[in-house]
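Below is one structure, written out as structure tokens; the observations come after it.
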Amino acid sequence: MSPLFQRSEQTAAREVYMSGSTRETVWNEILRPLATRSKRVTVFDCYAFSEMYRRDNKNDSSPEHLEWLLSKLNAEAPPGTMVKIFGSRKQTGGAGALQIAQLLRQRWSEAPRRVVGVELVTLSGNQEFPHDRHITFGDTTGLELPSGLDRLARPSVGKPFTFGYKWKLPQLEALRHRVTTVLALNPTVTPLSL
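In our numbering, the protein residues as written are 3 to 196.
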């Protein structure tokens, strides 16, 4: 087996980054190898926007996980990358979809380089959003995120960040089913003006 394949296999088998790990390590070992080969990234997390609103309420301008991820993708993903972020508006203090988009754009103010489009797909607070969380890269690879992407909200991981690689057809179909479940509820789709 090649050293690259062995390293990938060891990383996939790891399934957790313990407290004290850096999100840069998670990016370099897990997310970057997937992000650099896919022009479509989908983040599916009912709590996707919660930390952004928590920080905004405390006047904390440090980049949380969405800002950080968009910056990483904007720097290293293939040119022409599209990002969709699915989330609930339940934890946003009553903000509407347009307000969420405006706040994210205000916080992530980079000019487009490789990311050419970002769409927010949101459900209102009283609509049932699936709890299971994941991120997919194109149609062939996904990461189950049991503890959520927000574990990467700070430069150093505070609580363990867990993940599971998904690449088999039934696994990917399960991730797609979550997305179609939300789409069937007629969510609000809001493009982020870049």
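We treat Cβ as the ideally placed atom computed from N, Cα and C, and that holds for glycine. Keep in mind that this is a model prediction, so the values were computed, not measured.
query, result
"First and last residue of the uninterrupted beta strand (DSSP E) at Glu146", "143-146"
"Alpha helix (DSSP H) runs contained entirely in the segment 106-193, provided each spans 4 or more residues", "171-185"
"Short Cβ contact (8 Å threshold) for Val28 with Ala37", "no"
"Other residues of its chain near Ala50: CB distance less than 6 Å, five sequence neighbours each side excluded", "Ile87, Gly89"
"Three-state secondary structure assigned by DSSP to Phe7", "In this prediction, Phe7 scores a pLDDT of 49, lower than 50, which makes its location untrustworthy; no coordinate-derived value is stated."
"Rounded separation between Phe131 and Pro81 - CA only", "31 Å"
"Backbone CA spacing between Ile102 and Glu26 [nearest angstrom]", "26 Å"
"Beta-carbon contacts of Lys74 that lie in its chain and below 8 Å, excluding the five residues immediately before and after", "Trp29, Leu33, Arg34, Ala37"
"Residue of Lys92, Leu187, Ala79, Gly22 minimising C-alpha distance to Val118", "Ala79"
"Contact set for Pro193: own chain, Cβ-Cβ below 6 Å, skip 5 residues either direction", "Glu121"
"The segment 98-112 touching the segment 161-168, judged by at least three CB pairs closer than 8 Å", "no"
"Contact test: Val184 Cβ vs the ligand FMN heavy atom, cutoff 7 Å", "This structure does not include the ligand FMN; it has no bound ligands of any sort."
"Residue range of the alpha helix (DSSP H) that includes Ser90", "Per DSSP, Ser90 belongs to no alpha helix (DSSP H); it is in the beta strand (DSSP E), 83-90."
"Member of Leu151, His133, Val85 whose CA lies at the smallest distance from the CA of Lys92", "His133"
"Contact set for Pro162: own chain, Cβ-Cβ below 8 Å, skip 5 residues either direction", "Val18, Tyr19, Met20, Ser21, Ser149, Arg153"
"Coil, strand or helix - Thr38 by DSSP", "coil"
"Own chain, CB closer than 7 Å to Thr183, minus 5 neighbours either side, in chain order", "Pro132"
"Beta-carbon separation (whole angstroms), Leu145 vs His136, contact threshold 8 Å", "6 Å"
"Proximity of Val181 and Phe46 at Cβ, strictly below 8 Å", "yes"
"Within 8 Å, strictly: CB atoms of Arg109 and Glu69", "yes"
"Beta-carbon gap between Leu196 and Pro65 smaller than 8 Å", "no"
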